[in-house]
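Just below is one structure, and these are the notes that go with it.
Numbering (our numbering), first residue to last: 8 to 666.
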């Protein structure tokens, strides 16, 4: 125990006189002893004005060094926020202790609540006869002990149906006037946070937690489901060369006669379905849950895919509504990608989750193209639709059984993993969830992203949808070779994405905006350049054609580090909405490219396709040009959530753009 200055001096003056001012036993361990607290004050404790100044200065020095690029000052920013949080917590603890009448460290003053609490607990009938500095009072329970008790109580039980604040939970106020407890204890498994049904309770009893990595199991089944949805949509893109037949295709079953306009209508059906369903899917996921929405749409896609094997023989135009239904499922892929990456991973792993989830596009090509070629040449084109529908059904069953919308509702997620995933996340209010539509569509960087993805969709669709048609119909490549050749671009695109991601992290001499511009330019202009030679090849140059297709689609995959990365940087909490509009723009490309091909290349001659590829190159070039001049790497002003509490995150106003 330490003595205040006046008492210490007085004790020194009478040293050796054999008289003590205070008892030998000291029960209070404050900096200032109880005896020296001679008055009561009622003002509230406040934050120190000079708190965290060192951390704040370090953060500003870092921002100045990196020209106010906050991405490179993440560590200093987090250190400053932790300091503010710790200081605010100390103030909150002091206020809570004052309300409960517990003495904490402080000066020579007592709060009114403290003195009232002391007089209530330890009344002194002889207060006027016995000096206050000699009073022997038993100590109150320390605040640290109280915190320890309540902390471990939370771990053992869930406190429910209690009409008291948790901060006021003490031994004296949990008993009502009749002597009955006001607290009802239940086990954590039965708490309302879980809301487990009977099946989930059964799974919970298995105590199977994937060693704390259940989120990766969810990632895998999500990738499989998105791959199944994309594969169902891709079946017609390859199978059309088997259904219509040509000289290089053995007649396994009856073929179907389709005019260029009919092909364009069937091709565009999926784009139309995705176009009309993008906004409703985003709304439905927010209100009905991702599991129900995605499962229902994938189920419809399975029915439509299997139906194509039979309806196409009746009437070609009956295939159009089935293709529209396939497009409905496609519309949910990108919103689902954003939902899983934001709900089932921590902020440190979001980048890896997005990269792996986006690989479903390449995996669908790796599955659909060779499998369709094998089934078409050996079992007929009808088997392509039936087998894809069967495989998607298996994936859907697994997804429906094991997927949950949130980690804390999953029976395989342990408490530690759930805390790891949700740590640092803030539950948004209805006001914070409100989307600023007008501000978003007035934003120049957003329009740069839209135009970039419009050009990107032309390049992507011309390769994914019409590469098999070009190889088989124009260059007369066999069906089997066409199928296996179509998986090469998907493999190389995955490799290019991985290498570009590593390279982007290693490049530190360029600003984030410059990296966006360079990667997007290499992706879109490079892709267009490799498409141009395809218009000058003949039947003897099939290997060159495969190489050009491979390089074109591989470079286009680097767009994830350009326009797609820019979406997350500028939109922040509204990324899901901007990505929904991006999906809408991609659907426009899915609708226009088949019409473009049917109009400019109805006879599938090399001269006609030369014009098609030049048009696509122009679209890629103009889309990239718009992005380079309009892009941004900084969060837009409409994307920043303003909070009213004192502990909101630090935002550098010079780092926010008005447009």
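All C-beta atoms, glycine included, are put in the ideal place defined by N, C-alpha and C.
ask   = Tell me which same chain residues have a C-beta within less than 6 Å of the C-beta of residue 420, skipping the five on either side of it?
value = Taking the chain shown and counting its residues from 1, the one referred to as residue 420 is at position 413. Cβ within range, chain order: 221, 414.
Cβ-based neighbour list, residue 3, same chain, cut-off 8 Å, excluding 5 preceding and 5 following = Past the edges of the chain, shown from 8 to 666, lies residue 3, and the structure says nothing about it.
key: Collapsed DSSP secondary structure at residue 264 in the structure displayed   = As a first step, residue 264 must be located in the chain shown, where it is residue number 257. DSSP places residue 264 in coil when its eight states are reduced to three.
request  = Tell me whether the beta-carbon of residue 600 lies closer than 8 Å to the beta-carbon of residue 456.
outcome  = Working through the chain shown from its first residue, we reach residue 600 at position 593. Working through the chain shown from its first residue, we reach residue 456 at position 449. The answer is no: Cβ separation not under 8 Å.
inquiry  = Determine whether the beta carbon atoms of residue 463 and residue 531 lie at a separation below 8 Å.
reply    = If you number the chain shown from 1, residue 463 lands on position 456. If you number the chain shown from 1, residue 531 lands on position 524. At a Cβ-Cβ threshold of 8 Å, residue 463 and residue 531 count as neighbours.
ask   = What are the residues that DSSP puts in a beta bridge with residue 590?
value = Taking the first residue of the chain shown as position 1, residue 590 is located at position 583. Answer is none; residue 590 lacks a bridge partner.
query = Which same chain residues, not among the five before or five after residue 373, have their C-beta less than 6 Å away from its C-beta?
reply = Translated into positions along the chain shown, residue 373 becomes position 366. So the qualifying residues of the chain are 494, 497.
ask   = Can residue 627 and residue 615 be called in contact, C-beta distance under 8 Å?
value = Here residue 627 refers to the residue found at position 620 of the chain shown. Here residue 615 refers to the residue found at position 608 of the chain shown. No, these two residues do not count as a Cβ contact at 8 Å.
task = Classify residue 688 as helix, strand or coil using the three-state DSSP reduction.
result = Because the chain spans 8 through 666 in this model, residue 688 falls outside it and cannot be assessed.
inquiry  = Quick check: the region 260-270 against the region 400-414, are at least 3 beta-carbon pairs closer than 8 Å?
reply    = By the Cβ rule, the region 400-414 does not count as touching the region 260-270, because fewer than three pairs are nearer than 8 Å.
inquiry  = Taking its Cβ as the centre, do 16 or more other Cβ atoms sit within 10 Å of residue 646, making it buried, or is it exposed?
reply    = Here residue 646 refers to the residue found at position 639 of the chain shown. So residue 646 ends up on the buried side.
inquiry  = Here's the rule: buried if 16 or more other CB atoms are within 10 angstroms of the residue's CB, otherwise exposed. What is residue 64?
reply    = Counting from 1 along the chain shown, the entry for residue 64 is found at position 57. It counts as exposed.
key: Where residue 631 sits in the DSSP three-state scheme   = Residue numbering aside, residue 631 sits at position 624 when the chain shown is read from its first letter. For residue 631, the three-state secondary structure derived from DSSP is helix.
message = Comparing C-alpha positions only, which one of 321, 304, 365, 396 sits nearest to residue 378?
response = As a first step, residue 378 must be located in the chain shown, where it is residue number 371. Ranking 321, 304, 365, 396 by CA distance to the CA of residue 378 puts 396 first.
key: Buried versus exposed call for residue 509 [16 or more other C-beta atoms within 10 Å across all chains shown]   = Here residue 509 refers to the residue found at position 502 of the chain shown. Residue 509 is exposed by the Cβ-count criterion.
request  = Consult DSSP for residue 395 and reduce its assignment to one of helix, strand or coil.
outcome  = Along the chain shown, one-based indexing puts residue 395 at 388. Note: residue 395 maps to helix in three-state DSSP.
Simplified DSSP assignment, three categories, for residue 442 = Here the question's residue 442 lines up with position 435 in the chain shown. Three-state result, residue 442: coil.
key: Bounding residues of the alpha helix (DSSP H) (the contiguous stretch that carries residue 330)   = Looking up residue 330 in the chain shown gives position 323. Looking at the DSSP string, the run of the alpha helix (DSSP H) that includes residue 330 is 326-338.
query = To the nearest angstrom, how far is it from the Cα of residue 412 to the Cα of residue 302?
reply = As a position in the chain shown, residue 412 is number 405, starting the count at 1. As a position in the chain shown, residue 302 is number 295, starting the count at 1. If you take the alpha carbons of residue 412 and residue 302, they lie about 12 Å apart.
query = Alpha carbon to alpha carbon, how far is residue 571 from residue 99?
reply = The residue you call residue 571 lines up with position 564 of the chain shown. The residue you call residue 99 lines up with position 92 of the chain shown. Going by the C-alpha atoms only, they are around 42 Å apart.
query = Per DSSP, what kind of secondary structure is residue 411 in: helix, strand or coil?
reply = Here residue 411 corresponds to residue number 404 of the chain shown, with the count starting at 1. DSSP places residue 411 outside both helix and strand once states are collapsed to three, so it counts as coil.
ask   = Which of the three DSSP states, helix, strand or coil, is assigned to residue 351?
value = The sequence position of residue 351 within the chain shown is 344, counting from 1. Residue 351: coil per DSSP, three-state reduction.
message = Closer than 8 Å is the cut-off here; do at least three beta carbon pairs connect the region 549-569 with the region 228-240?
response = The region 549-569 and the region 228-240 do not touch, with fewer than 3 CB-CB distances between them shorter than 8 Å.
ask   = So, is residue 60 buried or exposed, given that buried needs 16 or more other C-beta atoms within 10 angstroms?
value = In the chain shown, residue 60 corresponds to position 53, counting from 1. Around the Cβ of residue 60, a 10 Å sphere holds fewer than 16 other Cβ atoms; the residue is exposed.
Residue 455, DSSP secondary structure in three states = What you label residue 455 is simply residue 448 of the chain shown in a count that begins at 1. In the structure shown, residue 455 sits in a helix (DSSP, three-state: H, G or I).
Pick from 584, 619, 631 that is closest to residue 443, judged by C-alpha positions = Stepping through the chain shown from its first residue, residue 443 is reached at position 436. Among 584, 619, 631, the Cα nearest to that of residue 443 is on 584.
request  = Sort 553, 293, 577, 501 by Cα distance to residue 366 and report the nearest one.
outcome  = Here residue 366 refers to the residue found at position 359 of the chain shown. Of the candidates 553, 293, 577, 501, the one whose C-alpha sits nearest the C-alpha of residue 366 is 501.
ask   = Just checking my contact of residue 504 with residue 582 at CB under 8 Å: how many whole Å lie between their CB atoms?
value = By one-based count along the chain shown, residue 504 stands at place 497. By one-based count along the chain shown, residue 582 stands at place 575. About 19 Å separates the CB atoms of residue 504 and residue 582; that is not less than 8 Å, and the two are not in contact.
message = Once DSSP output is grouped into helix, strand and coil, what is the label at residue 616?
response = For the purposes of this step, residue 616 is taken as the residue at position 609 of the chain shown. Helix, per DSSP.
message = Can you give me the C-alpha to C-alpha distance between residue 629 and residue 453, rounded to a whole angstrom?
response = In the chain shown, counting from the first residue as 1, residue 629 sits at position 622. In the chain shown, counting from the first residue as 1, residue 453 sits at position 446. In a straight line, the C-alpha of residue 629 is about 16 Å away from that of residue 453.
query = Is residue 276 near residue 327, with beta carbons less than 8 Å apart?
reply = Within the chain shown, the letter at position 269 stands for residue 276. Within the chain shown, the letter at position 320 stands for residue 327. Yes, they are a contact pair.
ask   = Is any beta-carbon of chain D found at less than 8 Å from that of residue 312?
value = No chain D appears in this structure, which consists of one protein chain only.
request  = Compute the Euclidean distance between the alpha carbons of residue 527 and residue 344, then round it to the nearest angstrom.
outcome  = Counted from its first residue, the chain shown places residue 527 at position 520. Counted from its first residue, the chain shown places residue 344 at position 337. Spanning the two alpha carbons is a distance of roughly 21 Å.
ask   = To which residues of the same chain is residue 520 closer than 6 Å at the C-beta, ignoring the five residues directly before and after it?
value = In the chain shown, counting from the first residue as 1, residue 520 sits at position 513. Here residue 520 has 640 as same chain residues with Cβ atoms under 6 Å from its own Cβ, once five neighbours each way along the sequence are excluded.
inquiry  = The alpha helix (DSSP H) that contains residue 65, what's its start and end?
reply    = Against the chain shown, residue 65 aligns to sequence position 58. Segment 60-72, the alpha helix (DSSP H) holding residue 65.
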